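Residue numbers (the working numbering): 2 to 245.
In this text, a Cβ means the ideal position worked out from N, Cα and C, and glycines have one as well.
Note that the structure is predicted; figures quoted are calculated from it, not measured.
Below is one structure, written out as structure tokens; comments come after it.
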Amino acid sequence: MIKFSGRGLLLDIEGTTASVAFVYDVMFPFVRRELDAYLQAAWKTPALEPVLRYIAQDAGADTFAAWTQDDATEQAKQQRVSAEITRLMDNDIKATGLKQLQGLIWKSGFDSGELVAAVFDDVPPALVRWNEAGKDVRIYSSGSVAAQKMFFGHTNHGDLLASFRGHYDTTTGPKKEAASYRVIASDYGCDASEILFLSDIVAELDAAREAGMQTGLCYRVGNAPVENGNGHPGIESFDQVSIG
Ligand SMILES: CSCCC(=O)C(=O)COP(=O)(O)O
Ligand SMILES: [Mg+2]
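This is the structure in structure tokens:
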């Protein structure tokens, strides 16, 4: 049990509010299936432009043009993007460009109803309890802010989006670096010690603790086994966070 009397809760998504299996078995295969058709349809549109820049920068180039200068045709450039996105997904690299592109591709799935975010059953009542207690609940995930909003707007428990006062993704900074949590605390407008960060990844919790946040390690069914929790208090459900 974690007793929390601070001001804000900051929540991870995969392995914390939703199962790893939902993300890997439903959301990622949707992207693999739709990737090439999406790139072809969205090529040269303003929505894709900043995403292509992120993908090129993640690969070490300054610009998309510099990254694709050896590719003669637009089709060859699309193929390069498709191959890079597939490589990143195969290696589960949470690169900003990949995450931004996934968010664009998931939109059609959430809009059509094919994708419905499966959040754990204890999540919606906890969000109600925490909000009723006046807590400032926000999300920090590798998934893009746009994807987070679609995700929580279309869950198996309905639209939960109004439960959150803020969203952060890797454009704020990497989840395993303390500086990212300092930026988030400053955005909350309170001391980091007033925020409880809940995640399934010890390295993320280490970074949040280094920045001064309180932490809770989520042991959800289906999460990868944790060999060393490094002193972070553990919970199996949000029912185990009590508001003091
Ligand atoms: C709407 S987020 C989809 C899940 C995802 O792409 C992801 O990378 C989740 O990572 P997290 O930081 O929430 O564990
Ligand atoms: Mg996670």
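Using 8 Å as the threshold, is the stretch 132-142 in touch with the stretch 154-167, meaning 3 or more CB pairs across them? Touching, per the Cβ criterion.
Which residues share a DSSP beta bridge with tyrosine 169? Your numbering for residue 169 matches position 168 in the sequence shown. In DSSP, tyrosine 169 forms a bridge with Tyr141.
For ligand 2, any of its heavy atoms closer than 7 Å to the Cβ of serine 200? What you label residue 200 is simply residue 199 of the sequence shown in a count that begins at 1. Serine 200 Cβ: within cutoff of ligand 2.
Would you give the residue range spanned by the alpha helix (DSSP H) that glycine 9 belongs to? As a working note, residue 9 is residue 8 in the sequence shown. For glycine 9, there is no enclosing alpha helix (DSSP H); the residue is found in the beta strand (DSSP E) stretching over 9-12.
Go through its chain and collect everything with a Cβ distance to asparagine 224's Cβ below 7 Å, but skip five positions before and after it. By one-based count along the sequence shown, residue 224 stands at place 223. In chain order, Gly16, Val21 and Asp201 place their CB closer than 7 Å to the CB of asparagine 224, counting only its own chain and leaving out the 5 sequence neighbours on each side.
Mapping the DSSP letters down to three states, classify valine 61 as helix, strand or coil. Locating residue 61 in the sequence shown gives position 60, where the first residue counts as 1. Correcting the residue type first, residue 61 is glycine in the shown sequence and not valine. In the structure shown, glycine 61 sits in coil (DSSP, three-state: anything other than H, G, I, E or B).
Measure from the alpha carbon of tryptophan 44 to the alpha carbon of each residue in Phe152, Ile106, Gly110 and Ala179, then state which is nearest. Here residue 44 is taken as the residue at index 43 of the sequence shown, counted from 1. Comparing Cα-Cα distances from tryptophan 44 to each of Phe152, Ile106, Gly110 and Ala179, the minimum goes to Ile106.
Straight-line CA distance for alanine 179 to lysine 95? One-based indexing of the sequence shown puts residue 179 at position 178. One-based indexing of the sequence shown puts residue 95 at position 94. If you take the alpha carbons of alanine 179 and lysine 95, they lie about 17 Å apart.
State yes or no: is the C-beta of glycine 174 nearer than 7 Å to some heavy atom of ligand 2? For this step, residue 174 is matched to residue 173 along the sequence shown. Glycine 174: no, Cβ never under 7 Å from ligand 2.
When the Cα of glycine 110 is compared with those of Phe29, Ala48, Ile3 and Glu228, which residue comes out closest? Looking up residue 110 in the sequence shown gives position 109. Ranking the options by Cα distance to glycine 110, first place goes to Phe29.
Output the boundary residues of the beta strand (DSSP E) element that contains isoleucine 94. By one-based count along the sequence shown, residue 94 stands at place 93. DSSP places isoleucine 94 in no beta strand (DSSP E); its state is neither H nor E.
Just reading off the beta strand (DSSP E) that lysine 176 is part of, what are its end residues? Position 175 of the sequence shown holds residue 176. Premise fails: lysine 176 is in no beta strand (DSSP E) and is neither H nor E.
The beta strand (DSSP E) enclosing lysine 4, as first and last residue numbers: Here residue 4 refers to the residue found at position 3 when the sequence shown is read from its first residue. Lysine 4 -> beta strand (DSSP E) spans 3-5.
Roughly how many whole angstroms lie between the Cα atoms of glycine 135 and tryptophan 68? Your numbering for residue 135 matches position 134 in the sequence shown. Your numbering for residue 68 matches position 67 in the sequence shown. When rounded, the distance between both Cα atoms is 48 Å.
With DSSP as the reference, label leucine 161 as helix, strand or coil. Taking the first residue of the sequence shown as position 1, residue 161 is located at position 160. Of the three classes helix, strand and coil, the one that applies to leucine 161 here is coil, per DSSP.
With respect to 7 Å, is the separation between the Cβ of threonine 17 and the closest non-hydrogen atom of ligand 2 below this value? Residue numbering aside, residue 17 sits at position 16 when the sequence shown is read from its first letter. Checking the 7 Å criterion, the Cβ of threonine 17 is within range of a heavy atom belonging to ligand 2.
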